[in-house]
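> Residue numbers (UniProt numbering), protein chains in the order written: chain A, 1 to 346; chain B, 1 to 346; chain C, 1 to 346; chain D, 1 to 346.
Beta carbons: idealized from backbone N, C-alpha and C, even for Gly.
Computed from a predicted model, the values in this text were never measured in an experiment.
Sharing a structure, written as structure tokens. Questions coming.
Number of protein chains: 4
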Amino acid sequence: MTGETPIPTSWVGPIRLSGDVVGEQSVPLATYESPLWPSVGRGARVSRLVEDGIRVSVVDERMTRSTLFTAPDAATAVAAARAITARIDELAAVVSARSRHAQLIDIDTEVVGHLLFVRFALRTGDASGHNMVTLAAEGLMAAILANHPELEYGSISGNFCSDKKATAVNGILGRGRSVIAEILIPAAIVEDQLRSTAARIVALNTRKNLVGSTIAGALRSSNAHYANMLLAIYLATGQDAANIVEGSQGITYAEERDGDLLFSCTLPNLIVGTVGNGKDLPVVEDALQRLGCREDREPGANARRLAAIVAATVLCGELSLLAAQTNQGELMQSHLLLERRTEAGA
Amino acid sequence: MTGETPIPTSWVGPIRLSGDVVGEQSVPLATYESPLWPSVGRGARVSRLVEDGIRVSVVDERMTRSTLFTAPDAATAVAAARAITARIDELAAVVSARSRHAQLIDIDTEVVGHLLFVRFALRTGDASGHNMVTLAAEGLMAAILANHPELEYGSISGNFCSDKKATAVNGILGRGRSVIAEILIPAAIVEDQLRSTAARIVALNTRKNLVGSTIAGALRSSNAHYANMLLAIYLATGQDAANIVEGSQGITYAEERDGDLLFSCTLPNLIVGTVGNGKDLPVVEDALQRLGCREDREPGANARRLAAIVAATVLCGELSLLAAQTNQGELMQSHLLLERRTEAGA
Amino acid sequence: MTGETPIPTSWVGPIRLSGDVVGEQSVPLATYESPLWPSVGRGARVSRLVEDGIRVSVVDERMTRSTLFTAPDAATAVAAARAITARIDELAAVVSARSRHAQLIDIDTEVVGHLLFVRFALRTGDASGHNMVTLAAEGLMAAILANHPELEYGSISGNFCSDKKATAVNGILGRGRSVIAEILIPAAIVEDQLRSTAARIVALNTRKNLVGSTIAGALRSSNAHYANMLLAIYLATGQDAANIVEGSQGITYAEERDGDLLFSCTLPNLIVGTVGNGKDLPVVEDALQRLGCREDREPGANARRLAAIVAATVLCGELSLLAAQTNQGELMQSHLLLERRTEAGA
Amino acid sequence: MTGETPIPTSWVGPIRLSGDVVGEQSVPLATYESPLWPSVGRGARVSRLVEDGIRVSVVDERMTRSTLFTAPDAATAVAAARAITARIDELAAVVSARSRHAQLIDIDTEVVGHLLFVRFALRTGDASGHNMVTLAAEGLMAAILANHPELEYGSISGNFCSDKKATAVNGILGRGRSVIAEILIPAAIVEDQLRSTAARIVALNTRKNLVGSTIAGALRSSNAHYANMLLAIYLATGQDAANIVEGSQGITYAEERDGDLLFSCTLPNLIVGTVGNGKDLPVVEDALQRLGCREDREPGANARRLAAIVAATVLCGELSLLAAQTNQGELMQSHLLLERRTEAGA
């Protein structure tokens, strides 16, 4: 039996952006958790009250797949690792021959005993690139096995990629788009809109996001709830939303500047695309168009724009929740109020 | 502007279950990634060919919230931690007074310098319990602050909970339902249905899921793609799907037994509910009813049933993908084939 | 061929202590890295200029060993886990029968597929307890296997203990002594002695220890160099210094209080003993006596005193290094200076 | 007061080596834990019974220091990161001008909000390189600040290095020597010498080292007790033994090959040197000479040899302990026996 699961969706904002993406942009959030809408909405309102709004920087982009080979022994695996890395140009040609959009840009190897993990990094244009890297990896494995009869096929994916898993490798070697969103909020706006102060938000961020995450045993992650915003915008824009697992690993950082609040969200692992699986649903297509992510640009530019908007959306929701948590009782009150309002159709 | 994002959904299975849930059960999967349906379907078919099918054990259930207090100094924080832990019965009464369903069952404290983190664990009946623990935590904080004038409010959530984040604390102290799904597959079925052998699946699980995850820097997690199945069934059953972040931390384990395959998925952090936000959408309500999770049972039993079904679904998809990855070229071939079939409306 | 490796050793301090240990205490540091002595010495000097000195709190103490059993299937493993936990009193008697000093205080179980990990926590008096828990675990395994014929021996140690490894479980469930050392330093002393300010040390701690450790992918740890002080005092007091691996997982936390500096080191996993292997070397025995850790006290009190002194020593070195790193060029300059001075015999 | 702490030291072996280091080599182990000697000795005996002995591969070598800068905002930090990376040749010249031995080989940057972490990787010849990279980093920071007036000094070390801390970055980007030691042991030798079988050792390694470490929340590490061997040989050879913290992060891997045992230890982070602090003690100098690590070779070759010997030593101890743990009761029995023997002066 087939059908559809309809997720309630609202457009929130507009958010004011500058830096790598300029302008005001509303964003669609598909979620069962309705308090998310006004929460992101409050952050968006703050962004519009600040001249530059949220400044976004797209730092890097790549998609990865790690293949696994077995060798007769460790020394052979190490020698093969060196040879494969040295042949990157030749292997890049293998990729280009199979795909117009995929482009091999880096190879990282790791040897454990006689196991050889080879992690390929590719540019994948405007696609998130899951299928593109798998297809490329198939061709690369075949080429490598042809050149290295001493190796055997281990797996098309060796978990050193790593897809939809919270790991350290993605942030350190890169996977997906790496984006930083930042805002400098005058003290008066912090007080009026967020009912807090820079000092209190900084203290909370240090105690909760940094120290609290440390004792929880978090991994390369220090934030309050990136996963909520990511899920909602990923669903509304046709993304493979299971990528919120690694996408939600990121760092909220705040400092006080003469009473003003410098607040940033650093998201090293945003897997987003504007073409590919899920993007041809009419609702999704419409959403991507309204987000300005279906324009005729150089390959990758639409997805970069989407990544920047996603990061700004995350910042809006993160800022709003942290501010609320500086005040005893505010979180629950607003949840109850909002859910009541939402149920009443507001 | 509001509306709906319709996620394509198919019912897959039935899966044969035994242990804490007995019978055959189809499951709904809402996803943009259509290859997931036949992949889980293959695992379900295997389960029906085995007499006991997939045996599920629900090991534990609880929902948590960690509050944060500040003390003037560490010694005061330590003393308060001891006093609060000792007063658990009194604090349990505070919770019971505010809610019929919530029940305080445990308190864990951790002190860092003069910061005091207090992690409350509650039974929350058939609800996943996000709001219930926040409401309870508010009452608990008020009660604690009234008794401890030396403490100050820090935050209603101190990230030691931890919600929608990949951490170590959830698996070790518990959060959500902890479930193990296991199946013993005769060698002939492994060969016919999964085109592999027990020995090859065991080797792949060790090399990829255990060693590969280790070098990736994974955290208390060793599996191929739990996140995919979790997202799909969470969306189709109205769950807060951002909880796949911690839900997907789990361990696939396989051993060979005289040529047969003993294969298990251990999922310590499944956050699921059968009542609450998102559960009153008609499609979701219908799904929960068909899953047998809206029966008139003792509080928690419907959610336990759902958790068990979710774990069995994860096992079906995990088994199928690992088997495919033991064969060079099979993964891409089946992806391409399935996507073509799906696009053709099959 | 046997002999001795003589590690250069200096007594540093005295450190002024209050809280669970009161008085002034010099400490022995055995190290090849001579700059450590003046660095800890500077911290000690600061402690003597503050009325309360360093306030130490010993929060918890226990030693652990996790045994591993195998069951025919997961359901059997889960049932056994429950039965074993329920029999803690009976198992405690097994431990007491084998040892005067060991006392079973807690059992934690974790089941992965059909593997059953049982983690025993014991009081071990003044011994660090490595051998005591192994001996106890042997008796406990025998008792459990006698009662559970459905289980088989897996391993006397299942790495869920975990000994001499950086893991999350030790901090969360406890292993060794958990100690917090804290000091409140007036602004003038920060300036005069540490050539810095509270604000600058707080900023550095947040940026380097908290954010820097997060991006490095640290695990439940946020400090500059606990390992250095731990190694030196462990060697000088006859400890099993390989325990610095988990011992060095800890959190430095700093806040500004009206210009003064509130600075703390939280060390959840200090494995120390005042009796046992290595403690009967004359130099070690002399060191333990001078530290006041060979007194006639209730079991565990001498080791608790040692743990508190160790934590205070860590604080002295951590404070001094962080202060130095707030100033460009100071670290290298002092290293060069000190090594020259040391070489000159100062 | 100054003096010496004499650590009991025995020479164990010889170990038979092949691959990057060829021959038989005894090793010095300084430890308070005397059972370590016969344990490593048993592994050494096994190595001599196998024709190739232990095959060692040195995969990589580098030392790192991560500096920290602050920028006015994230966009500026990102721009500076790109500019600094692009200027690697110019910065390499800065390093060469300050040191004959240090050579800059790589730069990795990471930006969090407006914080810029710059991680420098250097060749440091036969020195472990702690001081060399600090000295180089000072020069590099000065050069960068001169070129980038928009940046400010943050810290000479930003914890993204990372020194004497268990993190993910060291294994992934490299720090110290990366070494693999491997041995293929015929079934008969496994049985006679280790009283076990390949199948049982493989099963134990998977269950304990891989699964057990996973549930413990270990980080890029899966072994039984690397820290013990590392500490003992580090102390005896004048190393900065606090580096066992990251050094002990490594992976033991075992497979059965037609009844024989293929067993390896992969150690990505061995920080060792044959010159520098601690190396001029007569006992240490003598040890390094006997290890063949004071020969007149190209820079780095002596330290590489030492790293290979260290890894082989780790393998001997790891193999012996794992074999013992496959047998119920053996560990304690041998501990008791050995300690009695040792106490009796054997």
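Just to check my reading of the structure: residue 126 (chain A) and residue 300 (chain A) have Cβ atoms closer than 8 Å, yes? What is that Cβ distance to the nearest angstrom?
Correct: roughly 6 Å between the Cβ atoms.
> Note the first and the last residue of the continuous beta strand (DSSP E) segment covering residue 105 (chain D).
Its beta strand (DSSP E) spans residues 103-112.
> Just to make sure I have the definition right: I need the residues of chain B whose C-beta is within less than 9 Å of the C-beta of residue 51 (chain A). Which are they?
The premise fails here: residue 51 (chain A) is roughly 27 Å from chain B at the closest Cβ pair, so nothing lies under 9 Å.
> Just by C-beta distance, which residues in the segment 186-213 of chain C are closer than 7 Å to chain A?
Per Cβ criterion, the list reads 206, 210 and 211.
> Would residue 17 (chain D) and residue 287 (chain D) qualify as a contact pair, given that the criterion is a beta-carbon distance under 8 Å?
Contact flag unset, no.
> What are the start and end residues of each continuous alpha helix (DSSP H) run of 4 or more residues lying completely inside the segment 92-173 of chain A, in chain order?
Segments of the alpha helix (DSSP H) lying fully in the segment 92-173 of chain A: 130-147 and 169-173.
> Compile a chain-ordered list of the residues in the segment 151-169 of chain A whose CB is closer than 8 Å to at least one CB of chain B.
Listed by position, the residues of the segment 151-169 of chain A near chain B (Cβ gap below 8 Å) are 153, 154, 155, 156, 157, 158, 159, 160, 161, 162, 163, 164, 165, 166, 167, 168 and 169.
> Nearest to residue 108 (chain B) by alpha carbon, out of B:162, B:58, B:102 and B:75?
Nearest of B:162, B:58, B:102 and B:75 to residue 108 (chain B), Cα basis: B:162.
> Mind listing, in chain order, the continuous beta strand (DSSP E) runs of no fewer than 3 residues lying wholly within the segment 21-89 of chain A?
The qualifying runs are 23-30 and 54-70.
> Are there 16 or more other CB atoms within 10 angstroms of the CB of residue 326 (chain D), so buried, or fewer, so exposed?
Answer is buried; the Cβ neighbour count reaches 16.
> Which residue or residues does DSSP assign as beta-bridge partners of residue 15 (chain C)?
Paired residues: C:25.
> Within 10 angstroms of its Cβ, does residue 86 (chain B) collect 16 or more other Cβ (buried), or is it exposed?
When all chains shown are included, residue 86 (chain B) counts as exposed.
> Using the beta-carbon of each residue, which ones in chain A are nearer than 8 Å to residue 240 (chain B)?
Going along chain A in sequence order, the residues near residue 240 (chain B) (Cβ under 8 Å) are 32 and 33.
> So what does DSSP say about residue 317 (chain A), is it helix, strand or coil?
In the structure shown, residue 317 (chain A) sits in a helix (DSSP, three-state: H, G or I).
> Between which two residues does the alpha helix (DSSP H) holding residue 298 (chain B) run?
It is not in any alpha helix (DSSP H) - residue 298 (chain B) carries neither H nor E in the DSSP assignment.
> Report the residue from A:15, A:19, A:21 and A:38 whose alpha carbon sits nearest the alpha carbon of residue 27 (chain A).
The residue with the shortest Cα to Cα distance from residue 27 (chain A) is A:15.
> With a cut-off of 8 Å, does the C-beta of residue 217 (chain A) fall near any C-beta of chain C?
Taking Cβ atoms only, chain C reaches closer than 8 Å to residue 217 (chain A), which makes this a yes.
> Count the other CB atoms, across all protein chains shown, that sit within 10 Å of the CB of residue 6 (chain D); report buried if there are 16 or more and exposed otherwise.
Classification of residue 6 (chain D): buried, given that the 10 Å Cβ count is 16 or more.
> Going by beta carbon distance, what residues of the same chain come within less than 6 Å of residue 41 (chain C), once the five residues before and after it are set aside?
These residues qualify, in order along the chain: 12.
> Give, in chain order, every residue of the segment 227-259 of chain C whose Cβ lies closer than 7 Å to some Cβ of chain A.
Of all residues in the segment 227-259 of chain C, 251 and 253 have a Cβ within less than 7 Å of some Cβ in chain A.
> Just to confirm the assignment, what range does the beta strand (DSSP E) spanning residue 179 (chain C) have?
Counting along the chain, the beta strand (DSSP E) containing residue 179 (chain C) begins and ends at 176-185.
> Within 10 angstroms of its Cβ, does residue 75 (chain B) collect 16 or more other Cβ (buried), or is it exposed?
So residue 75 (chain B) ends up on the buried side.
> The beta strand (DSSP E) spanning residue 269 (chain B) covers which residue range?
260-270 is the extent of the beta strand (DSSP E) around residue 269 (chain B).
> Using 8 Å as the threshold, is the C-beta distance between residue 172 (chain B) and residue 118 (chain B) below it?
No, Cβ-Cβ distance for residue 172 (chain B) and residue 118 (chain B) is not below 8 Å.
> Could you check where the beta strand (DSSP E) with residue 198 (chain C) kicks off and where it finishes?
From DSSP, residue 198 (chain C) is part of no beta strand (DSSP E) but of the alpha helix (DSSP H) over 198-204.
> Can you pull out the residues from the segment 44-77 of chain B whose beta carbon lies closer than 7 Å to at least one beta carbon of chain C?
The segment 44-77 of chain B vs chain C, Cβ under 7 Å: 55, 57, 59, 73, 74 and 75.
> Taking the C-alpha atoms as reference points, what is the distance between residue 167 (chain C) and residue 73 (chain C)?
Residue 167 (chain C) and residue 73 (chain C): Cα-Cα distance of roughly 27 Å.
> Helix, strand or coil for residue 344 (chain A) per DSSP?
Because the pLDDT at residue 344 (chain A) is just 40, under 50, the model does not fix this residue reliably, and the value given afterwards should be weighed accordingly. Residue 344 (chain A) falls in the coil class under three-state DSSP.
> Spell out whether any CB of chain A is found under 8 Å from the CB atom of residue 7 (chain B).
Cβ-Cβ to chain A under 8 Å: yes for residue 7 (chain B).
> What separation, rounded to the nearest whole angstrom, lies between the Cα atoms of residue 67 (chain B) and residue 254 (chain C)?
If I take the Cα positions, the gap works out to 20 Å.
> Within a Cβ cutoff of 7 Å, which residues of the same chain sit near residue 307 (chain D), ignoring the five residues on either side of it in sequence?
58, 177, 179, 270 and 272, listed in sequence order.
> From D:190, D:331, D:309 and D:141, pick the residue whose C-alpha is nearest to that of residue 21 (chain D); which is it?
Among D:190, D:331, D:309 and D:141, the Cα nearest to that of residue 21 (chain D) belongs to D:309.
> Taking the continuous alpha helix (DSSP H) assigned at residue 290 (chain B), which residues delimit it?
Residue 290 (chain B) -> alpha helix (DSSP H) spans 282-290.
> Near residue 39 (chain D), what residues of its chain come up, given a Cβ to Cβ distance below 7 Å and the 5 sequence neighbours on each side ignored?
Contacts found: 317, 320 and 321.
> Report all residues from its chain with a CB closer than 6 Å to the CB of residue 267 (chain C); omit the five preceding and five following residues, and keep chain order.
Taken in chain order, the residues that qualify are 179, 250 and 311.
> Is there a Cβ of chain A sitting closer than 8 Å to that of residue 180 (chain D), yes or no?
Yes - at least one Cβ of chain A is within 8 Å of the one on residue 180 (chain D).
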